[in-house]
Amino acid sequence: MIEKSVNILLVEDYKLTRVGVKSLFDNTPELNVIAEAETGKEALEKVRLQKPNVILMNIGLPDIDGISVTKRIIDQFEDIKVVMLTSHLSEKEVFDSLSAGAMAYVMKDVNTDVLMTIIKTVSQGAMWLDPKVTPIIREKNCRMIPQHQLTRANFKAQHSNLTEREYEVLKLLVDGKSNKQIADDLLISEHTAKAHVCNIIQKLLVDDRTQAAVKALKDGLV
Numbered sequence: 000m001i002e003k004s005v006n007i008l009l010v011e012d013y014k015l016t017r018v019g020v021k022s023l024f025d026n027t028p029e030l031n032v033i034a035e036a037e038t039g040k041e042a043l044e045k046v047r048l049q050k051p052n053v054i055l056m057n058i059g060l061p062d063i064d065g066i067s068v069t070k071r072i073i074d075q076f077e078d079i080k081v082v083m084l085t086s087h088l089s090e091k092e093v094f095d096s097l098s099a100g101a102m103a104y105v106m107k108d109v110n111t112d113v114l115m116t117i118i119k120t121v122s123q124g125a126m127w128l129d130p131k132v133t134p135i136i137r138e139k140n141c142r143m144i145p146q147h148q149l150t151r152a153n154f155k156a157q158h159s160n161l162t163e164r165e166y167e168v169l170k171l172l173v174d175g176k177s178n179k180q181i182a183d184d185l186l187i188s189e190h191t192a193k194a195h196v197c198n199i200i201q202k203l204l205v206d207d208r209t210q211a212a213v214k215a216l217k218d219g220l221v
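So the sequence shown is numbered by numbering that gives the first Met the number 0: it starts at 0 and just counts up by one.
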């Protein structure tokens, strides 16, 4: 079976970084960098012209910051997946990126093979958070949410329409697992995992798996 190609827009203001990232995909025909942009404004233009599947987005752009650019893109093109590829690790930037619609938050010191896997899984609708980001999210929500809300029983009372299996799937979804990884962890078929994710999205009244994960964190499931 031939793997479907993923067309990538690389948004990065440093030329050396762009050259380095592009070289990662030289021997990976299923990942194609079809366009590059040095500024936020240029990124918006390239998106309209090239219609990429995935955007690798730097936050610190010289004109419009990458988070604002991401929000504008997602507002117009819901099917495009944005991966924040950055050296920034502030709490605000992490949460603002996810709220803007980014499907992944990745530090620039990521392993090459891991980055390629992230791009492939995100293109299929999965969410991915760098291991350095997860503690920030957990700590933030522990501070924001009263302790009595940080219980499974309390979450279940608020979302009693979720089944026990859906709770298990939701926790794995929050951990950034793809449908295949969820299936492997729970010893179910990938089709069943996908069905559970769809049910969760519908029951939590959100638009996608990223919003489901964010809602689960805010409501104190994890």
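Where is the CB? At the ideal position from N, CA and C, for every residue including glycine.
Model, not experiment: these values are computed from the prediction.
Residues that residue i bridges to, as DSSP identifies them
| i | result |
| --- | --- |
| isoleucine 54 | Leu8 and Val81 |
| alanine 182 | Answer is none; alanine 182 lacks a bridge partner. |
| methionine 106 | Thr85 |
| leucine 30 | Val5 |
| leucine 128 | Tyr104 |
| glutamate 37 | Bridge partners of glutamate 37: none, in fact. |
Supposed close pair residue i, residue j - CB separation, criterion 8 Å
| i | j | result |
| --- | --- | --- |
| valine 93 | valine 132 | 5 Å |
| valine 168 | isoleucine 200 | About 11 Å separates the two Cβ atoms, so there is no contact after all. |
| valine 109 | asparagine 57 | About 13 Å; that fails the 8 Å criterion. |
| valine 18 | leucine 43 | That belief does not hold up - the Cβ atoms of valine 18 and leucine 43 are roughly 23 Å apart, past 8 Å. |
| valine 5 | valine 53 | 6 Å |
| isoleucine 66 | serine 96 | 5 Å |
Beta-carbon spacing of residue i, residue j below 9 Å
| i | j | result |
| --- | --- | --- |
| lysine 51 | leucine 8 | The residue asked about is misnamed: residue 51 is proline in this sequence, not lysine. It is a contact, given that the beta carbons lie within the stated cut-off. |
| valine 105 | aspartate 78 | no |
| histidine 195 | arginine 164 | yes |
| isoleucine 117 | alanine 99 | no |
| arginine 208 | alanine 101 | no |
| threonine 16 | lysine 80 | no |
| valine 173 | leucine 216 | yes |
Chain-order list of residues whose beta-carbon lies under 6 Å from that of residue i (same chain, five-residue window excluded)
| i | result |
| --- | --- |
| glutamine 146 | Any answer about glutamine 146 is weak, because its pLDDT of 39 lies below 50 and its placement is not dependable; what the coordinates show is given next. Here the set comprises nothing. |
| cysteine 141 | Reliability of the predicted coordinates at cysteine 141 is poor, the pLDDT of 45 falling under 50, and no value is obtained from them. |
Same chain, Cβ closer than 8 Å to residue i, neighbours up to 5 away in sequence not counted
| i | result |
| --- | --- |
| aspartate 184 | Leu171 and Lys176 |
| leucine 55 | Ile7, Leu8, Leu9, Val10, Glu11, Val20, Val82, Leu84 and Ile118 |
| asparagine 160 | Lys202 |
| methionine 115 | Leu23, Phe24, Thr27 and Leu30 |
Other residues of its chain near residue i: CB distance less than 7 Å, five sequence neighbours each side excluded
| i | result |
| --- | --- |
| isoleucine 135 | Glu90 and Val93 |
Exercise. Taking contact to mean at least 3 C-beta pairs separated by less than 8 Å, is the segment 81-99 in contact with the segment 36-47?
Worked result: no
Exercise. Contact between the segment 11-27 and the segment 66-75: three or more CB pairs below 8 Å?
Worked result: Cβ pair count under 8 Å is below three, so no.
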